[in-house]
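Enquirer: Taken in order, the sequence shown gives residues -10 to 168; the numbers are from our numbering. Take a look at this one; I'll ask things after.
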Amino acid sequence: MLPMKIEKVEIIRSAKRTKSVSARLRGDGVLEVRAPAKLPEKELEQVIAKLQQRIERRAEQASASGSDEALLARAHELNQELFGGRLQWNSILYVDNQSHCWGSCTSSLGTIRLSSRLRELPPWVRDYVLVHELAHLEEPNHSASFWSLCSRYPLTERARGYLMALDHLQGREGSDETC
Ligand SMILES: [Zn+2]
């Protein structure tokens, strides 16, 4: 995850650069700016201020999309799109202590938990896990009717493959990728 705030700006002037200024935010919160040697200080300051704003906004958005509020909003959307809005639940949250499963659903309580590791993965993979757990609200077991509910999400097969490969790479092979 990228840091939310820029702690420090480090400017690297280069004679080889002629026009453009480039910047990257390092993991330690330092914004590394590469600029042409000849660019006037004042101009560079303006460019950096703009870059800084843009980078911080992007980091904020990224973190907002990984929030429980955003997850809940997505669950409502998927409920409308794929389940005709008929599903009901008590709570849907990210949790840190789910190391065996990407997601879980306790259908009797109406609670869904998603591993916070999903925040780092593409949103369409997270959506599949969410659909999987939503489907468990109606079908607690991995029955044929459960999978037919899941397959309403068009990227189900692709996302399962993605998670299987990831489990394989990280040595979690053999575990059911989504509980
Ligand atoms: Zn399942």
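No residue lacks a Cβ here, since even glycine has one placed at the ideal position from N, Cα and C.
What residues come near ligand 1, if near means a beta carbon less than 6 Å from any of its heavy atoms?
Expert: Checking every Cβ against the heavy atoms of ligand 1 under 6 Å gives His121, His125, His131, Thr167 and Cys168.
Enquirer: In chain order, what residues of the same chain have a beta carbon less than 7 Å from the beta carbon of aspartate 57, not counting five sequence neighbours either side?
Expert: In the sequence shown, the residue the question calls residue 57 occupies position 68. Excluding residues within five positions, the ones whose Cβ falls inside 7 Å are Leu82 and Tyr83.
Enquirer: Just list the beta strand (DSSP E) runs in the segment 64 to 123, keeping only unbroken ones of 3 residues or longer that don't cross its boundaries, in chain order.
Expert: Listed in chain order, the complete beta strand (DSSP E) runs (minimum 3 residues) inside the segment 64 to 123 are 80 to 84, 92 to 95 and 100 to 104.
Enquirer: Nearest-angstrom Cα distance between aspartate 116 and leucine 76?
Expert: Mapped onto the sequence shown, residue 116 falls at position 127. Mapped onto the sequence shown, residue 76 falls at position 87. Rounded to the nearest angstrom, the two C-alpha atoms are 16 Å apart.
Enquirer: What are the partner residues of lysine -3, as DSSP defines its beta bridges?
Expert: Numbered from 1 along the sequence shown, position 8 holds the residue referred to as residue -3. In DSSP, lysine -3 forms a bridge with Val19.
Enquirer: If you measure between the beta carbons of asparagine 79 and leucine 60, is that distance less than 9 Å?
Expert: The residue you call residue 79 lines up with position 90 of the sequence shown. The residue you call residue 60 lines up with position 71 of the sequence shown. No, Cβ-Cβ distance for asparagine 79 and leucine 60 is not below 9 Å.
Enquirer: My output table needs one value for methionine -10: the three-state DSSP class, helix, strand or coil.
Expert: Numbered from its first residue, the sequence shown carries residue -10 at position 1. Only weak support exists for where methionine -10 lies, its pLDDT of 45 falling under 50; the value from the coordinates is given anyway. Looking at methionine -10 - three-state DSSP - the assignment turns out to be coil, as it is neither helix nor strand.
Enquirer: Alpha carbon to alpha carbon, what distance is there between alanine 133 and glutamine 41?
Expert: Position 52 of the sequence shown, counted from the start, is the residue given in the question as residue 41. Position 144 of the sequence shown, counted from the start, is the residue given in the question as residue 133. Going from the Cα of glutamine 41 to the Cα of alanine 133 covers about 51 Å.
Enquirer: Three-state secondary structure (DSSP) at serine 140?
Expert: For this step, residue 140 is matched to residue 151 along the sequence shown. Serine 140: coil per DSSP, three-state reduction.
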